[in-house]
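Under my numbering, the first residue of the sequence shown is numbered 760, with each subsequent residue one higher. Think of the CB as a built atom: it goes at the ideal place given N, C-alpha and C, for glycine as much as any other residue.
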Amino acid sequence: MTTDVTTRPTTTAGASGRAAVRPRASGRRARDLLVVVPTLAILLVIVFPVLWMVFTSLRPSTALAAKVPIGEYLHGLGFGAYQRLFADSDFGRYLANSLLVSVASTACTVVLACLAAYGLSRYRFRLRGSILMVVLATQLLPFVVLITPMYIALGELGLLDSYVGLTLVYVAMTLPLAIYLTLSYFNTIPLALDEAARIDGCSTVGVIFRVIVPVALPGISTVVITTFIATWEEYFFSSVLMTSNDHKTVQVGLSSFFGEYASDWGMIMAAATVATVPTIVLFSFAQKRLVAGMAAGSVKE
760 MTTDVTTRPT TTAGASGRAA VRPRASGRRA RDLLVVVPTL AILLVIVFPV
810 LWMVFTSLRP STALAAKVPI GEYLHGLGFG AYQRLFADSD FGRYLANSLL
860 VSVASTACTV VLACLAAYGL SRYRFRLRGS ILMVVLATQL LPFVVLITPM
910 YIALGELGLL DSYVGLTLVY VAMTLPLAIY LTLSYFNTIP LALDEAARID
960 GCSTVGVIFR VIVPVALPGI STVVITTFIA TWEEYFFSSV LMTSNDHKTV
1010 QVGLSSFFGE YASDWGMIMA AATVATVPTI VLFSFAQKRL VAGMAAGSVK
1060 E
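Written as structure tokens, this is what we have:
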């Protein structure tokens, strides 16, 4: 009898507890749906143009202009547009030109940004604030204002229609933002690391590239990605400064695929798909470091 009396309230309490938990769980699921459904809708809007671009590049060219029933959309998919792209055009050359200029510009920008950011982070001098203001002010000028003096300067130096000239322009274009990003990461690194490295015999350059840069690698990855994407996708300077067909970058080469009366949309979509691959691959490899770098850059000591 004693056992029955003591167990019944416990069972009732457990049932009421589970009943109380169910509304809370259903409430959490409802709140999750309020977040997940709009997120999936936004993601679909963002991803759909990319998926349609890839799908169009795989469809036969005869099916692009014709009305096809929905059930036959997947018939005849293949890589014919990609074969025409590399066999009938100079797209491979454009791709190599863009890779060369973007990699060289990114490497130069990162090295110069590390040197400049270290000086601005570790040393206090009279014109430090003015230099930071000038670096920031260069980002406020529209590119259309800069193109004429850059064209004249490169012409005087004999660097028009050359990889070196376009690389110098890209470094000048991306360096200010790279300095600010790198400076924010260097400011979070304690000075004790510099002092310990100097006691061990490191020079200033050794301190930067053997001690500070490895510690700030997530932030450096952010600079690498932003710089590479900015130079890879740049069109305006490249279309003006690179005049010969052999030196065109991929973005300028893509524009030449559009004809006045007709265009091979399958080949254009194939070229656009191939042109997006380097940025996707780079972002995929550096995604974790990019997120860590963004979080580290937001913390101030």
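Proximity of the stretch 967-976 to the stretch 922-931 falls short of the contact definition, fewer than three beta-carbon pairs being nearer than 8 Å.
Straight-line spacing of the CA atoms in R783 and L934 works out to 52 Å. Straight across, the Cα-Cα distance linking F845 with A937 is about 35 Å. Inter-segment contact for the stretch 997-1007 and the stretch 797-814 is absent: fewer than three beta-carbon pairs are separated by less than 8 Å.
Following the DSSP letters along the chain, one finds S980 inside the alpha helix (DSSP H) bounded by residues 976-991.
Its Cα nearest to that of N856, the residue H1006 stands out among H1006, T963, G965, E993. Distance from L854 to V1033 at the Cβ level is roughly 7 Å; contact confirmed, criterion being Cβ atoms closer than 8 Å.
Annotation: the continuous alpha helix (DSSP H) that includes R887 extends over 887-896. Taking a cut-off of 8 Å for Cβ pairs, the stretch 833-847 and the stretch 813-820 touch, as three or more such pairs fall below it. Annotation: the continuous alpha helix (DSSP H) that includes S997 extends over 995-1000.
At the C-beta level, C867 and V972 stay beyond 9 Å of one another. Linking L886 to A1029 through their CA atoms gives a straight-line distance of about 51 Å. Counting only residues of its own chain and dropping the five nearest sequence neighbours on each side, Q1046 has no CB closer than 8 Å to any other CB. The beta-carbon separation of V970 and A956, rounded to 5 Å, stays under the 8 Å limit for a contact. Our two residues, M892 and S943, have alpha carbons roughly 15 Å apart in a direct line. P908 has its alpha-carbon roughly 14 Å from the corresponding atom of F995.
Per DSSP, E915 is one residue of the alpha helix (DSSP H) stretching across 902-916. For the pair Y910 and L916, the CB atoms are not nearer than the 9 Å cut-off. Per DSSP, T1038 is one residue of the alpha helix (DSSP H) stretching across 1024-1044. L940 sits buried, since 16 or more C-beta atoms from the chains shown fall within 10 Å of its C-beta. For the pair V982 and V894, the CB atoms are not nearer than the 9 Å cut-off.
F1042 sits away from S861, with the two beta carbons spaced by 9 Å or more.
Cβ contact annotation for V930 (same chain, cutoff 8 Å, sequence separation greater than five): S864, C867, T868, L871, in chain order. DSSP places T798 within a helical segment (H, G or I) once states are collapsed to three. Counting only runs of 4 or more residues that sit fully inside the stretch 788-862, the alpha helix (DSSP H) segments are 820-823, 839-847, in chain order. For R957, the enclosing alpha helix (DSSP H) stretches over residues 950-958. Bounds of the alpha helix (DSSP H) holding S943 are 922-945.
Counting along the chain, G1012 sits inside the alpha helix (DSSP H) bounded by residues 1009-1014. With respect to S880, F945 sits close: the two C-beta atoms are nearer than 9 Å. Just so you know, the alpha carbons of L833 and S980 end up roughly 40 Å apart.
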